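Counting from 1, one number per residue, gives the positions in the sequence shown under full-length UniProt numbering. Using N, Cα and C, we set each Cβ at its ideal position, and we do this for glycine too. From a predicted model like this one, the values you see are computed outputs, not experimental measurements. Some notes on the structure that comes next.
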Amino acid sequence: MASLSVNCCRAMQAGKRLLPAHKLVPAVSGAVPVRRLNLHEYQSKTLMEQYGCNTQRFKIATSTQQAQTATSELGVEEVVVKAQILAGGRGKGVFSSGLQGGVKVTKDLASVPELVSQMIGYNLKTKQTTGDGVTVRKVMVAESLDISRETYFAIVLDRSMQGPVLVGSPEGGVDIEEVAASRPERIFKTPVDITVGVTDKQASEMAKNLEFTGPALEEVTVALFTHWSFHYYTSDIIYTHFSSSIIDDPRQKAVLCCPCRLHG
């Protein structure tokens, strides 16, 4: 495979040379940074798209009317409506409106406004929220994916290794914590030399560890470089954890990054 680690990342910027965040924000002598940045899923997706990551199509709505318009504009047969809050466990959460679940998949497109009316303005309580939960102000309306297989990939700042580490598993999705606890051998970790970046060999080996083969293997290898490019250029802002599920969607014959999470 041709060398991708530098040229591919630069080419994906479409000719726009971007500077790392630490070169954009001047250092303050004696200051100790406190990283408390958390992004909603739709914000993470928007950033990833800007860096060339292949994600599902989506729209944001703050009202039932906007949700109806978003559904029409997507022009798909099935959509997923996801409440946007800074907490996990949304799918099994409960709204103060009585609605069960903050993630709804439906082919009944006419029912989307009704679903949204029970989400926006109400509190969503999940296993990660406290008290009465978090008030939902926005929802994401996205195309539903035909998932044949879901894997896990993350770039984390590992202080014990004094730098970024690629973390991946062929058993991805919402149960990655269970995989780490019961089958740790299915979690693969690769330290990255910050002065070199992700190498061709590291990206290719991680793609193989995720158990991709054929054309998808090269597609995922390139996607991992895209992820690294994204992490590198935003590393001083979104520093400690970036993760996404790399999904094989046979309908689109593509590998998609969905969902994705960024926090620091």
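Below-9 Å beta-carbon distance, residue i vs any chain B residue
i	result
Val196	The structure shown has no chain B; it contains just one protein chain.
Beta-carbon contacts of residue i that lie in its chain and below 8 Å, excluding the five residues immediately before and after
i	result
Val136	Ala83, Gln84, Ile85, Phe95, Gly102, Met119, Ile120, Gly121, Tyr122, Asn123 and Leu124
Glu143	Gln56, Arg57, Phe58, Leu74, Val76, Glu78, Val79 and Val80
Gly91	Gly101, Gly102, Val103 and Val174
Ile194	Gly163 and Pro164
Nonlocal neighbours in the same chain, by C-beta distance under 6 Å from residue i, ignoring five residues either side
i	result
Pro170	Thr151, Leu210 and Glu211
Gln128	Ala87, Gly88 and Gly89
Ala67	Ala61, Val112, Pro113, Val116 and Val141
Gly172	Glu150, Thr151, Tyr152 and Ser245
Ile176	Tyr152
Gly133	Asn123, Leu124 and Lys125
Ala207	Leu217, Val220 and Thr221
Phe188	Gly168 and Asn209
Pro184	none
Lys138	Ile60, Thr62 and Gln84
Ser97	Gln118 and Tyr122
Buried versus exposed, by CB contacts within 10 Å (16 or more), residue i
i	result
Thr213	exposed
Glu41	buried
Val196	exposed
Ala110	exposed
Gln202	buried
Arg35	Confidence is the limiting factor: at Arg35 the pLDDT is only 48, short of 50, which leaves the residue's position unreliable, though a coordinate-based value still follows. Its Cβ having fewer than 16 others within 10 Å, Arg35 is exposed.
Lys104	buried
Ala181	exposed
Gly52	buried
Thr130	exposed
Ser29	Below a pLDDT of 50, predicted positions are generally treated as unreliable, and Ser29, at 44, falls in that range; the measurement from the model is reported next regardless. Exposed, because fewer than 16 other Cβ atoms sit within 10 Å of the Cβ of Ser29.
Sequence-distant residues of the same chain with beta carbon closer than 7 Å to residue i, five excluded per side
i	result
Leu99	Gln118 and Met119
Thr64	Pro113, Val116 and Ser117
Lys107	Glu77 and Glu78
Thr71	Val79, Leu109, Val112 and Val141
Beta-carbon separation (whole angstroms), residue i vs residue j, contact threshold 8 Å
i	j	result
Gly93	Thr126	4 Å
Arg186	Val179	6 Å
Distance cut-off 8 Å: residue i Cβ against heavy atoms of the ligand PLP
i	result
Ser72	Ligands are entirely absent from the displayed structure, and the ligand PLP is therefore not among its contents.
Discussion item. Assess contact between the region 68-76 and the region 150-165, defined as three or more Cβ pairs (one per stretch) separated by less than 8 Å. Is contact present?
Written reply: Between the region 68-76 and the region 150-165, the count of Cβ pairs shorter than 8 Å is below three; the stretches do not touch.
Worksheet entry | Minimum length 3: unbroken beta strand (DSSP E) runs contained in the region 143-208 | Listed in chain order, the complete beta strand (DSSP E) runs (minimum 3 residues) inside the region 143-208 are 149-158, 163-169 and 188-191.
Worksheet item: What residue ranges within the region 35-91 form continuous alpha helix (DSSP H) runs of no fewer than 4 residues, ordered along the chain?
Response: Restricted to the region 35-91, the alpha helix (DSSP H) segments that are unbroken, complete and at least 4 residues in length are 41-50 and 64-74, listed in chain order.
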